[in-house]
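Asks: Once you know that position 44 of the sequence shown is 44 in the working numbering, the rest is easy, because the numbers rise by one and skip nothing. Ideal Cβ positions, reconstructed from N, Cα and C, are used throughout, including at glycine. Just dropping this structure here.
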Amino acid sequence: MNVRYFPDTDTLLVNFSDRKIAKTHDIGENVLVEMDEEGHLVSMTIEHAKQQMNVTEFSYQLATS
Numbered sequence: 001m002n003v004r005y006f007p008d009t010d011t012l013l014v015n016f017s018d019r020k021i022a023k024t025h026d027i028g029e030n031v032l033v034e035m036d037e038e039g040h041l042v043s044m045t046i047e048h049a050k051q052q053m054n055v056t057e058f059s060y061q062l063a064t065s
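So, in structure tokens, the structure goes:
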């Protein structure tokens with residue numbers, strides 16, 4: 001997984017895999033998801049990201065059982 005923020009366009013891109021994008025779905029205002037031919041999630045794009053969330057901080061937590 002790779003997360004990139006582009007400040008010049010205020011766009012956040014989350015790549016989940018390197019599969020080829022076959023379809024793009026608009027799932028909400030300024031949120032797009034890209035799927036491969038088999039329907040697997042490839043990436044998510046959030047436009048106007050600063051209006052949607054705090055892009056200056058990022059963290060993740062690996063859940064363990």
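Rounded to a whole number of angstroms, what is the C-alpha to C-alpha distance between residue 27 and residue 16?
Replies: One C-alpha to the other measures close to 17 Å.
Asks: Which residue's Cα is closest to the Cα of residue 7: 52, 64, 48, 58?
Replies: Of 52, 64, 48, 58, the residue nearest in Cα terms is 48.
Asks: Given a threshold of 16 other Cβ atoms within 10 Å of its Cβ, counted over all protein chains shown, does residue 3 qualify as buried or as exposed?
Replies: With fewer than 16 Cβ atoms within 10 Å of its Cβ, residue 3 is classed as exposed.
Asks: If we count the other Cβ atoms within 10 Å of its Cβ and call it buried at 16 or more, is residue 41 buried or exposed?
Replies: Counting Cβ neighbours within 10 Å, residue 41 comes out exposed, since fewer than 16 surround it.
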